[in-house]
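Protein chains in written order, with the working numbering: chain A, 271 to 607; chain B, 93 to 430; chain C, 1292 to 1832; chain D, 23 to 378.
The beta carbon of each residue, even a glycine, is placed where N, CA and C say it ideally should be.
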Ligand SMILES: Nc1ncnc2c1ncn2[C@@H]1O[C@H](COP(=O)(O)OP(=O)(O)OP(=O)(O)O)[C@@H](O)[C@H]1O
Ligand SMILES: Nc1ncnc2c1ncn2[C@@H]1O[C@H](COP(=O)(O)OP(=O)(O)OP(=O)(O)O)[C@@H](O)[C@H]1O
Ligand SMILES: [Mg+2]
Ligand SMILES: [Mg+2]
């Protein structure tokens, strides 16, 4: 196939590993710390261990692809005996059975990307019963750290919303009308990213009016459709906050099809940091992208190593997400996923 | 008997007793006739919703906005047309969303050879999914819902495998113009949907195949004994449905400027079935209402647009949608004469 | 004549006259309808009809197809609510909202089309809604099956009560419906054409049951197009025509032609001149070589080495008792039934696989027996039902010509006198007899070589019956080969040149020419003693 | 039971049959509908069709145990069965609905709503935690039933509307999904979902009990017979004097109740009223029911078939996880393929029976 279409990334998610690597923030690590003894897990050498990874959603969006790939790569690098992977396909009951299945198959250490903050308790209990440590990544669960699970690695979604608000305020000058393209209803990520954004706007730029909040279900076509409706009924909108890149790109398409200049007539800020979005940013079609870094592999395995080496692991290991803007987009493209 | 029955065609003697009942019921005014509502209920509902929006929604009656609604509803209409045919045979096709995804996934793979080969291939993929469904239903004899469930589950997986799980930006100008171009101010997408609606209406009303669809749905056993090619009709209907879905997938992809097999067409089966049923085609088969189906799709589109434009939160929007659907179907419901 | 077994729950013989002290004396009206009107879109089905029914009488309800008999019955039993008029039961005014209420009030009905649940077992159908229970209030299936078997046995039907109903022949289904209706203790039993698919023998059983109901002071409404039956068992008659009440009075002493003339609304003289039976007196000149031969048709449990041949220009009758395999034979010839073995030859050509389409292509048409399940497409119009099988012939390049359809439809609607508000009326809304005519039209418009008619006059009124018979005669004269299955023995005898009799799926005998007489036929039916048969016919081995 | 005519029970050869036909006695003419006792064959076929799914299930389990040592372990069985219990309870209601020729698309949303309500009410104790969801979900089922049974609307559309409506209610109740109500641990209610008896989860036993009750209701009570009659032929059922509308109202109410109960149990197990549950659950339930041999057109079916259908789906999912690190896209392809194989196999096992 010649260049009539192009895959989102030329070099898939491995990308520029160095540029895209996660960094923890010292201030972000919090909590008392959890060690092998306090957790009560048996000592283990990762090299002879069976490690299980439970992914929450289909590997059909860049974030999930990059996340799973990163875990797989790092597992290979760490030389674990066997890596089991499962995918809950957005079904919470399936994630519970997935985890139970992996335990039944002899998993000794689990990395879980939870589908939801609540409701995984039976899975955690099953792991605890077998004294298998669980490391949760990317989405925090409402459970007892160091009891139900070992520790949480990931971003702070509320903060992502706040940073998006800051970027929006900067792009619009703190006034005008903005629309929010919400993620899927009932989802914690949606709730947090909305809360951060709305609160920050209220606090910092009361003149920036939020005139529409409609769900685009984290999908590009839905985002496009909602945006098209808004363009017609609320032509005064000058800013769009999309809770993920896909919906942001949908908004870009919608605006272009309606002869409006995305990035100029309507400012667009989104969250994720996918390569497509950063490219759009570089072209000036978007205004800012708040990163949510999916490459948890290295950090997760490093944490596991530390844990088995006897070091206490903090309850939350928060990572620093970058922020792309029109200036740094071009050069940061390598770090996008 | 007044006369021997005439066996030869030709002008026969006047009927011995009038074939039609002489005592036909006095016509009721249309607004008091339940049958009228049953026949035109969807259109009434569409009218009411249009009126509501014209009065209470800002900038609703603008060309731009109306065009947007038509453009958005076009893929649903196309899929629903195929679905209406399937439902006419007392079947159902859950795999339409997957067929859309398959078409979308195949497009970028073959765009390198030009738009036409890629298009043909995408449509062919839809036809093949339909063929599989059709064979499972007509030859193997599975219940349609299970037969199409397999591709509903597996088809999208296959699409994702083909696309390597990711969305691909489309930059082929020909394909893109399919999504954005318009003819005499009407977007091509809308024209395609409208043309297809007319074609299907003609198919159902005036072709042997169309009438056979309805007969198979109305009484399968009788159709078999009347020598109709029941298996062929069933298979054909699913092939058409799959092909239409693939076409919708192509158009949606062109409009999205990206091939997105992971989310394109999700829940399309529900939207399409809803459009068909709201449009007055019974799920029990035996009749196909093409224009009703189009109206049903438009009704649901307007409903969604209304809720978005009034910026209702999701909770309220869903409850309102539920209430309005029930109300609309209630006007159009079949009243049994008793 | 032995009464149905005493073990049958419903049909218990009352000891002594007027066993129930509250039973109304014969002659008092139990059910009375005044000024009933019922309108359907486009049709006035009933217009100011009054009707009263006395305890202990058998009341005939007659009229042409579409006269409104079934509609009246449906009004009486709560299926339809009348637009005008009122009902009273034993002097009390009643308004039934649902059939349920009518049944509670003691009206038990056999509707025209067998209205049972095909997928459920025979016993479940009989006891639906009043199942015998164990002490734990659970259904007692062993007892239910036992009682059902006993009940059916009393009706002379031997069938495993656990069999799903749809596996039974239509006649047997009709007997099951009868058993259900009669086993309820009811004040009024309504029977809408109960005999249309019954054999003489079952008709006798039915009459016995009716006698018994009469003896218990139960009132019976009886609808039938068979005149003989009416005269045998009915006390009074009500005639409807075009939804209007024409006459009510005692049947004894009412001349038959007068009754027919009231039904048809024509002069007695005219009726007398045309007669009511339609077959020509003389036989047909059959061709030497058969146009269709069936050789050793076999299907497990249903057909066993059935062979027969049909010649152009003859009417071959196919006789047999309920479930003897007549319908199966016809279906097999028309490709509607897969065979285990056997061969069908049409005009010297052996059909490799007989499918309905292949059969039709070779000029074989079959009018199926069960018009509801296998015949009509209820949601389609009269026009579409008529042209259904002929569609490919009426179209060019897959596009159907409306004009050609209309021409065909017009001809046949007129020729068969199909009564519909227009060709666009849904067939499901037609009266039973008119549905049958529509189906007949469907097959005739194919201009077949071989016509297999399974109960063609079922449910057709006297006038039309004569016409259909005349038509059969005429078709044979034109060189068609006709296979005629009929439960009406008279029809077989008068209409057929030759009669082949089946028994339990095997050939039991054959009569030809002058040998086709009622005693001879009854004899074969009764004991199946194979009378001398043509040499080429295979022994049922 | 034995038919009262042993002579006819034996499959006599054809000519013998003809002779064995009792000579009709005067006054007791005999109709022989059926020359042998095809009822037995029919019933056998019915058994295979109903239990064909069991045969397929056993075959899959056998193959899986041979291929994957970690499959046939008690641990695995415990996990699979508990997880399947919730879908099973929902599918039980769906079976009854489908037997009447209807469909209930709202079960997924009602399931989720039931869970949220139960979690919300659980701090007040076991009774509120069960009663509140049962009341509300039963109410939604009742609305479905009234609209379908009394107003005569199409089940598909009505329950599609309540699918949206129930989800809307859930979102409204949880502040657009932002609030998650938690179930206090160690309460009696949480034991219902999370407790174990002989190592197996309590929900499994509850589901089995409900299926036992459901089976009795369906097969051994007039109400159950009414369901078959309504589904087999609604018109005939009306003419036979059955309370068709009432039957429909009841069956949808029952389905709502069961879905709500399953949701409540699930909340007890998850210790929280999760808002994202139940999406697409109606399809899983419908597939399980139909795979279990119930006709979607109504009039025939069994609850035991549904139970095996649910287990089959659960085992297939489990098996895919056993196969190992399949990419999620391949997982879908494999389960789609599995589904075809299973239903086609079952179809051929049950050859000769009406399919639709
Ligand atoms: N549900 C209906 N909708 C519309 N028209 C109907 C309906 N039922 C009956 N009719 C019409 O009412 C008239 C009387 O029909 P009915 O069934 O009572 O006739 P019938 O006397 O029983 O005839 P048959 O002897 O053929 O059974 C017919 O013209 C028929 O077309
Ligand atoms: N689908 C079926 N499966 C099993 N048995 C069947 C099936 N259809 C018919 N039978 C049985 O086959 C036998 C022959 O039935 P058939 O209908 O041919 O008899 P018939 O002589 O036409 O009598 P009837 O007047 O009852 O139609 C009957 O015992 C019938 O119950
Ligand atoms: Mg009638
Ligand atoms: Mg017959």
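For residue 357 of chain A, the nearest CB of chain D lies under 9 Å from its own CB, placing it at the interface with that chain. Residue pairing by DSSP places residue 1328 of chain C opposite C:1375 in a beta bridge. Residue 1362 of chain C has its CB nearer than 8 Å to a heavy atom of ligand 1.
In this structure, DSSP gives residue 297 of chain B a helical state, which the three-state scheme calls helix. Counting only residues of its own chain and dropping the five nearest sequence neighbours on each side, residue 1453 of chain C has a CB closer than 8 Å to the CB of 1412, 1413, 1414, 1436.
By the criterion of at least three beta-carbon pairs nearer than 8 Å, the stretch 265 to 274 of chain D is in contact with the stretch 116 to 125 of chain D.
Burial state of residue 1558 of chain C is exposed, judged by a 10 Å Cβ sphere holding fewer than 16 other Cβ atoms.
When DSSP states are grouped into helix, strand and coil, residue 360 of chain D belongs to the helix group. The alpha-carbon of residue 1389 of chain C is positioned some 9 Å away from that of residue 265 of chain D.
DSSP places residue 517 of chain A within a helical segment (H, G or I) once states are collapsed to three. For the stretch 349 to 400 of chain B, the continuous alpha helix (DSSP H) assignments of 4+ residues that do not extend past its boundaries occur at 360 to 370, in sequence order. Going by DSSP, residue 159 of chain D is part of the alpha helix (DSSP H) stretching over 148 to 167.
When distances are taken from the beta-carbon of residue 1350 of chain C to the heavy atoms of ligand 1, even the shortest one reaches 8 Å or more. The bridge partners DSSP lists for residue 1384 of chain C are C:1379.
Listed in chain order, the positions of the stretch 156 to 169 of chain B with a beta carbon within less than 7 Å of a beta carbon of chain A are 156, 157, 160, 164. For residue 305 of chain D, at least one C-beta of chain B is nearer than 9 Å to its own C-beta. Boundaries of the alpha helix (DSSP H) around residue 265 of chain B: 265 to 272.
Only residues of its own chain outside the window of five on either side were considered, and among them 393 have a CB closer than 7 Å to the CB of residue 164 of chain B, listed in chain order. Secondary structure in the stretch 208 to 261 of chain D: the alpha helix (DSSP H) runs of 4 residues or longer, each lying completely within the stretch, are 210 to 216, 224 to 242, 244 to 254, 256 to 261 in chain order.
Taking 9 Å as the cut-off, the Cβ atoms of residue 303 of chain A and residue 582 of chain A count as close.
By the CB criterion at 9 Å, residue 1532 of chain C and residue 1553 of chain C fall inside the cutoff.
DSSP links residue 323 of chain A through a beta bridge to A:355, A:381.
Annotation for residue 1483 of chain C indicates a beta carbon within 8 Å of some heavy atom of ligand 3. At a cut-off of 9 Å between C-beta atoms, residue 1686 of chain C counts as an interface residue with respect to chain B.
Going by beta carbons, residue 1509 of chain C and residue 1347 of chain C fall inside the 9 Å limit. At a cut-off of 9 Å between beta-carbon atoms, residue 1634 of chain C makes no contact with chain B. By the neighbour-count criterion, in which 16 or more other beta carbons inside 10 Å mark a residue as buried, residue 302 of chain D falls on the exposed side. Residues of chain D with a Cβ closer than 8 Å to the Cβ of residue 1370 of chain C are, in chain order, 260, 261.
A Cβ-Cβ separation of about 20 Å leaves residue 1530 of chain C out of contact with residue 1368 of chain C under the 8 Å criterion. Restricting attention to C:1670, C:1614, C:1597, the CA atom closest to the CA of residue 1635 of chain C is found in C:1597. Listed along chain D, no residue sits closer than 8 Å to residue 1766 of chain C by beta-carbon distance, the nearest being about 32 Å off. Residues of the stretch 259 to 288 of chain D with a C-beta less than 8 Å from any C-beta of chain C: 259, 260, 261, 262, 263, 264, 265, listed in chain order. Considering only beta carbons, the part of the stretch 543 to 565 of chain A lying closer than 8 Å to chain B consists of 546, in chain order. Judged by the Cβ position, residue 1465 of chain C fails to qualify as a neighbour of ligand 3 at the 8 Å threshold, every heavy atom of the ligand being at least this far. Interface annotation, residue 118 of chain D: not in contact with chain C, CB-CB separation never under 9 Å. Shown here, residue 1408 of chain C sits in coil according to DSSP, grouped into three states, outside any helix or strand.
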